[in-house]
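Below you'll find the structure, written out as structure tokens, and then a few comments.
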Amino acid sequence: MSSSELKRSLSPLMVWGLGVGYVISGNYFGWNLGLEKGGTLGMAIALFFIIVMYITFTFSYTELACAIPKAGGAFDYAGRAFGKDVAFITGMAQNIEFIFAPPAIAFGFGAYLQIFFPDVPVMAISIAAYIAFFLLNVLGIQLAATFELIVTSIAVGAIVIFCFYTSPHVSIAHLQKNAFPLGWFGSFAAIPFAIWFFLGIEGVANLAEEAINPKRTIMIGFISAIVTLVVLCLFTYVSSIGIAGWEEIVFKSDGTPSDSPLPLAMAKISGTNTWQYTAVVIAGLFGLAASFNGLMLAGGRATFEFGKTGFAPAVFGKVNDRFQTPANALFANTLIGILALLTGKTGELITLSVFGALSLYVISMITLLKLRKTEPTLPRPFATPAFPYFPLIALSIAVFSFFALWVYNFWLGVIYFSFLALALVLFRIVK
Numbered sequence: 200m201s202s203s204e205l206k207r208s209l210s211p212l213m214v215w216g217l218g219v220g221y222v223i224s225g226n227y228f229g230w231n232l233g234l235e236k237g238g239t240l241g242m243a244i245a246l247f248f249i250i251v252m253y254i255t256f257t258f259s260y261t262e263l264a265c266a267i268p269k270a271g272g273a274f275d276y277a278g279r280a281f282g283k284d285v286a287f288i289t290g291m292a293q294n295i296e297f298i299f300a301p302p303a304i305a306f307g308f309g310a311y312l313q314i315f316f317p318d319v320p321v322m323a324i325s326i327a328a329y330i331a332f333f334l335l336n337v338l339g340i341q342l343a344a345t346f347e348l349i350v351t352s353i354a355v356g357a358i359v360i361f362c363f364y365t366s367p368h369v370s371i372a373h374l375q376k377n378a379f380p381l382g383w384f385g386s387f388a389a390i391p392f393a394i395w396f397f398l399g400i401e402g403v404a405n406l407a408e409e410a411i412n413p414k415r416t417i418m419i420g421f422i423s424a425i426v427t428l429v430v431l432c433l434f435t436y437v438s439s440i441g442i443a444g445w446e447e448i449v450f451k452s453d454g455t456p457s458d459s460p461l462p463l464a465m466a467k468i469s470g471t472n473t474w475q476y477t478a479v480v481i482a483g484l485f486g487l488a489a490s491f492n493g494l495m496l497a498g499g500r501a502t503f504e505f506g507k508t509g510f511a512p513a514v515f516g517k518v519n520d521r522f523q524t525p526a527n528a529l530f531a532n533t534l535i536g537i538l539a540l541l542t543g544k545t546g547e548l549i550t551l552s553v554f555g556a557l558s559l560y561v562i563s564m565i566t567l568l569k570l571r572k573t574e575p576t577l578p579r580p581f582a583t584p585a586f587p588y589f590p591l592i593a594l595s596i597a598v599f600s601f602f603a604l605w606v607y608n609f610w611l612g613v614i615y616f617s618f619l620a621l622a623l624v625l626f627r628i629v630k
């Protein structure tokens with residue numbers, strides 16, 4: 200096996216576990232802060248359009264992933280359709296998403312675990328978790344994917360149990376309470392938090408070079424993952440808010456915002472000194488661990504492909520001789536992630552990740568439309584249903600979401616575009 204070849208060992212079940220695992224933490228933390236912007240109805244409107252976007256995007260992106268099964272995902276697809284400059288921009292957007300989302304999740308992981316170890320600083324727990332998951336991913340894709348499948352299954356099962364346990368307490372009156380506080384502007388502001396429910400699902404495509412029979416495996420894993428996530432999202436949303444209203448899962452008792460909506464909801468039913476409350480907190484740790492590990496894994500593959508194809512230093516495109524994993528790429532991403540974590544700007548990190556993700560979605564849908572015209576004979580084991588409507592719907596919602604995100608995060612958007620422009624200039628000079 201060459202020093203730039205990854206080991207094929209992933210089954211459809213493992214790909215499903217990774218696909219759901221990338222995203223599952225979105226059910227456990229972060230999304231509830233969108234309720235402060237839009238209320239139950241405003242957030243629901245944003246969520247409706249984001250679900251439509253992700254369903255149409257996933258079915259469209261699956262066509263690209265099966266036709267061009269490369270670890271770089273969108274970076275490879277854009278390069279084939281538009282050349283190296285667009286490929287570089289796409290790859291940078293993908294790296295921004297996969298590198299800056301894990302620090303935010305790491306902080307959430309630390310905050311959840313601190314409930315059991317109140318004397319240990321959140322930052323210390325978060326950094327320790329970063330190092331632990333880095334080592335897990337270096338040791339092998341099979342080990343990391345097996346761990347991912349286990350923790351994801353537990354996290355999914357816990358959400359099902361949570362929804363079953365809370366459903367008798369859900370009230371329509373609670374769902375209607377102060378449901379649309381800021382009107383349509385609140386819906387626009389809630390978009391990034393709706394996206395957080397699904398951010399990272401596209402990382403499934405980056406597993407193509409490590410999947411057994413990649414074209415079939417990626418198709419089954421990708422589609423089953425998005426179906427699972429949509430169902431979990433809807434049940435989590437209604438079950439959490441319906442217990443006592445949206446304010447009760449956004450603000451803690453002292454009035455400060457909380458990143459743990461499910462424990463807050465459970466506390467309204469059982470209190471905090473019960474096994475039910477403790478079980479929800481532990482389940483949250485499993486969900487955060489799944490997304491942390493999964494996004495680190497996908498980010499390593501994206502950076503690896505960047506180095507392998509000469510768009511980044513070649514050292515990042517090498518695999519470890521013993522474990523056949525992209526250890527150098529994983530180390531670089533971990534170092535950047537820890538430095539980002541130390542800033543303490545978790546909200547800004549999430550927003551940067553969403554900027555990167557939406558850029559990737561826009562370029563990928565344009566890429567699909569372009570390749571259908573320029574390469575009509577390209578083997579497509581999976582064809583996008585209702586073409587061209589699915590990619591056009593996904594593209595339209597992604598473009599609208601991008602501008603809505605920029606309106607509410609103007610200077611962060613300026614920083615994002617400035618960074619991409621500077622990186623492209625440096626790339627053109629070097630290349």
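Just so you know, we're using the working numbering here: the sequence shown kicks off at 200 and counts up by one.
Each residue gets a CB set at the ideal place from its N, CA and C atoms; glycine is no exception.
Excluding the 5 residues flanking it on each side, Leu338 has same chain C-beta neighbours closer than 8 Å at Phe522 and Thr524, in chain order. In the structure shown, the three-state DSSP call for Pro456 is strand. Here the alpha carbons of Leu619 and Val479 stand approximately 40 Å from one another.
Around the beta carbon of Phe363, fewer than 16 other beta carbons lie within 10 angstroms, which makes this residue exposed.
Nearest to Ile417 by alpha-carbon distance, out of Ile448, Glu574, Lys269 and Tyr615, is Lys269. Per the coordinates, the alpha-carbon of Pro587 lies some 37 Å from the alpha-carbon of Val350. One alpha carbon belongs to Gly356, the other to Phe297, and they sit about 26 Å apart. Secondary structure at Leu381: coil, using DSSP grouped into helix, strand and coil. Residue pairing by DSSP places Phe450 opposite Pro456 in a beta bridge.
Ranked by how close their Cα comes to the Cα of Gly612, the residues Leu621, Phe601 and Ala622 have Phe601 in first place. Within the DSSP secondary-structure output, Leu209 pairs in a beta bridge with Ala410. Thr566 sits in a helix when the DSSP states are folded into three classes.
Rounded to whole angstroms, the separation of the alpha carbons of Glu235 and Glu446 is 8 Å. Leu591 and Ile254 have their C-alpha atoms some 12 Å from each other. Asn492 is the residue among Leu433, Ala280 and Asn492 whose C-alpha sits nearest the C-alpha of Phe308. Between the C-alpha atoms of Ala407 and Phe248 there is a straight-line separation of about 28 Å. Excluding the 5 residues flanking it on each side, Pro456 has same chain C-beta neighbours closer than 8 Å at Leu232, Glu235, Val449 and Phe450, in chain order. Following the DSSP letters along the chain, one finds Lys507 inside the alpha helix (DSSP H) bounded by residues Trp474 to Lys507.
Non-local C-beta neighbours of Ile468 in its own chain, meaning closer than 6 Å and more than five positions away in sequence, comprise His368, ordered along the chain.
For a cut-off of 8 Å, the C-beta gap from Leu577 to Leu567 is around 11 Å, too long to register as a contact. Between the segment 310–329 and the segment 507–520, the count of C-beta pairs closer than 8 Å stays below three; the two stretches do not touch. With distances taken between CA atoms, Ser439 lies nearest to Pro462 out of Pro462, Gly282 and Ala277.
With contacts defined as CB atoms closer than 8 Å, Ala528 and Thr502 qualify as a contacting pair. Closest option to Leu538, judged by alpha-carbon separation, among Ala303, Phe379 and Trp383: Ala303. Per DSSP, the continuous alpha helix (DSSP H) segment holding Lys236 begins and ends at Leu232 to Ala266. Taking the CA atoms as reference points, Ser370 sits about 43 Å from Ala273. Just so you know, the alpha carbons of Met495 and Ala489 end up roughly 10 Å apart.
Within the model, the alpha-carbon separation for Gly498 versus Ala388 is close to 27 Å. At the C-beta level, Gly483 and Tyr221 stay beyond 8 Å of one another. The straight-line gap separating the alpha-carbon atoms of Lys414 and Asn608 is approximately 38 Å.
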